[in-house]
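Numbering that gives the first Met the number 0 applies: residue 0 is where the sequence shown begins, and numbers increase by one.
Glycine residues also receive a C-beta, built at the ideal position from the N, C-alpha and C atoms.
Below: one structure, written as structure tokens.
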Amino acid sequence: MTTPALAVHARLTDRDLHLDLDVRRGDTVAVVGPNGAGKTSLLRLVTGQLRPTTGTVHIDGDLVSGPERHLPTHRRQIALLDQRPLLFDHLDVLDNVAFGLRATGTRRAPARTRARAHLDKVGCAALADRRTWQISGGQAQRVALARALATEPRLLLLDEPMAALDITVAASTRSLLREILTDSERTALLVTHDVIDALALADRLVVVDEGHIAAEGKVTDLLTRPRTAFLADLVGVNLLHGIATGPDRIDLDGTSLTGMPTGHPLHVGRETLATIPPAAVGVHLVDPGGSPRNHLPAVVTGVEPRGALARVTAALPGGDMMSADLTAAAVVELDLRPGVPVRLVVKATQVCLYER
Numbered sequence: 000m001t002t003p004a005l006a007v008h009a010r011l012t013d014r015d016l017h018l019d020l021d022v023r024r025g026d027t028v029a030v031v032g033p034n035g036a037g038k039t040s041l042l043r044l045v046t047g048q049l050r051p052t053t054g055t056v057h058i059d060g061d062l063v064s065g066p067e068r069h070l071p072t073h074r075r076q077i078a079l080l081d082q083r084p085l086l087f088d089h090l091d092v093l094d095n096v097a098f099g100l101r102a103t104g105t106r107r108a109p110a111r112t113r114a115r116a117h118l119d120k121v122g123c124a125a126l127a128d129r130r131t132w133q134i135s136g137g138q139a140q141r142v143a144l145a146r147a148l149a150t151e152p153r154l155l156l157l158d159e160p161m162a163a164l165d166i167t168v169a170a171s172t173r174s175l176l177r178e179i180l181t182d183s184e185r186t187a188l189l190v191t192h193d194v195i196d197a198l199a200l201a202d203r204l205v206v207v208d209e210g211h212i213a214a215e216g217k218v219t220d221l222l223t224r225p226r227t228a229f230l231a232d233l234v235g236v237n238l239l240h241g242i243a244t245g246p247d248r249i250d251l252d253g254t255s256l257t258g259m260p261t262g263h264p265l266h267v268g269r270e271t272l273a274t275i276p277p278a279a280v281g282v283h284l285v286d287p288g289g290s291p292r293n294h295l296p297a298v299v300t301g302v303e304p305r306g307a308l309a310r311v312t313a314a315l316p317g318g319d320m321m322s323a324d325l326t327a328a329a330v331v332e333l334d335l336r337p338g339v340p341v342r343l344v345v346k347a348t349q350v351c352l353y354e355r
């Protein structure tokens with residue numbers, strides 16, 4: 000059995016955290032989850048800023064945290080790229096990149112030589128002699144990436160690395176990261192709130208919720224068939240829970256919903272999930288009648304602006320929530336507000352069904 004590059008099997012009782020995660024060597028694993036779910040605590044367990052109450056953390060098979068051993072961060076051979084570059088203002092760009100090498104005992108000349116090579120890899124060789132205040136935010140993040148890579152870490156930790164960058168700079172930085180992670184076969188753990196980051200950079204996706212791993216798998220599998228409310232929100236779809244009553248039909252607490260099964264026909268009696276894009280949901284005050292579409296009774300719970308559209312949220316009889324995107328004119332015409340009973344209408348071809 001191959002030793003994982005990272006193995007976290009640890010509990011933090013004061014934070015109600017219980018995490019079990021193995022990362023294969025060469026993989027990039029994206030970690031997503033609601034605020035306060037435990038993503039930052041996971042990173043801190045890996046860096047050594049937190050020590051598990053029980054359990055262990057291994058990097059490349061080496062115990063770095065456990066009942067009898069707790070290595071400090073600088074001895075774990077890891078590197079962190081934060082959303083802030085955190086460069087040293089008293090050093091020029093070259094010496095910023097060489098800092099980690101110098102801190103681990105590399106002599107000044109070879110450290111600067113390796114630093115120049117890494118600056119070249121990230122397209123910043125021409126910035127070597129500049130001070131940190133003389134470069135842009137995007138350039139500073141590339142320099143920070145070069146500094147993280149210069150020590151050849153066993154594990155690269157990426158904490159929202161594009162969060163503080165504008166759209167154009169974030170896109171170019173994302174492309175650079177993808178190139179580096181692919182070419183080097185480096186192991187990385189990426190914490191992000193951005194589905195684009197996960198799709199572009201990660202091999203696998205982990206969902207942390209309420210202090211534990213709620214879902215784990217291939218990125219495309221989890222995003223096309225979300226199994227948690229957070230993932231559904233992340234990709235922008237409604238998530239409904241039902242029981243299969245036929246090969247392409249489920250029961251939603253007394254209301255039938257027909258859709259398109261993914262992979263294979265549904266098995267009667269099994270828990271089944273349905274996803275529906277909000278743009279595919281029509282809202283009516285009375286049943287339109289005569290339509291072959293799905294008709295779902297609901298009660299409006301909220302209306303909020305979403306750019307040129309309005310997001311209408313409504314509660315189904317079984318407790319699931321559904322959203323629909325309408326024009327502001329449609330909301331006014333229908334006089335939609337909390338408490339108004341409505342019929343939600345959606346084509347079967349817009350409903351994706353899959354077993355839980």
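Check, Outcome
"Complete runs of the beta strand (DSSP E) confined to the stretch 215-287 [at least 3 residues]", "237-245, 248-251, 254-257, 270-275, 281-283"
"Touching by the beta-carbon criterion (3+ pairs, under 8 Å), the stretch 143-158 and the stretch 61-78", "yes"
"Runs of beta strand (DSSP E) wholly within the stretch 54-135 (minimum 3 residues, chain order)", "61-64, 77-80"
"6 Å CB neighbourhood of I134 in its chain, flanking five on each side removed", "L126"
"Residues bridged to D158 (per DSSP)", "V190"
"Contact set for R50: own chain, Cβ-Cβ below 7 Å, skip 5 residues either direction", "S64, H69"
"Closest by C-alpha distance to Q82, when choosing among L295, H8, A97, G137", "G137"
"First through last residue of the beta strand (DSSP E) which encompasses E303", "293-305"
"C-beta contact flag for A29 and L200 at 8 Å", "yes"
"Beta bridge counterpart(s) of R342 as assigned by DSSP", "H283, P296"
"V350 in three-state terms, based on DSSP", "coil"
"L176, enclosing alpha helix (DSSP H) - first and last residue", "166-183"
"Residues of its chain near D208, where Cβ-Cβ distance is below 7 Å and the 5 sequence neighbours each way are ignored", "G32, P33, A36, T227, F229"
"Buried versus exposed call for D26 [16 or more other C-beta atoms within 10 Å across all chains shown]", "buried"
"Check whether P316 and T274 have beta carbons under 8 Å apart", "no"
"The stretch 334-345 in contact with the stretch 284-302 per 3-pair CB rule at 8 Å", "yes"
"Spatial distance of R101 from T271 (CA atoms)", "56 Å"
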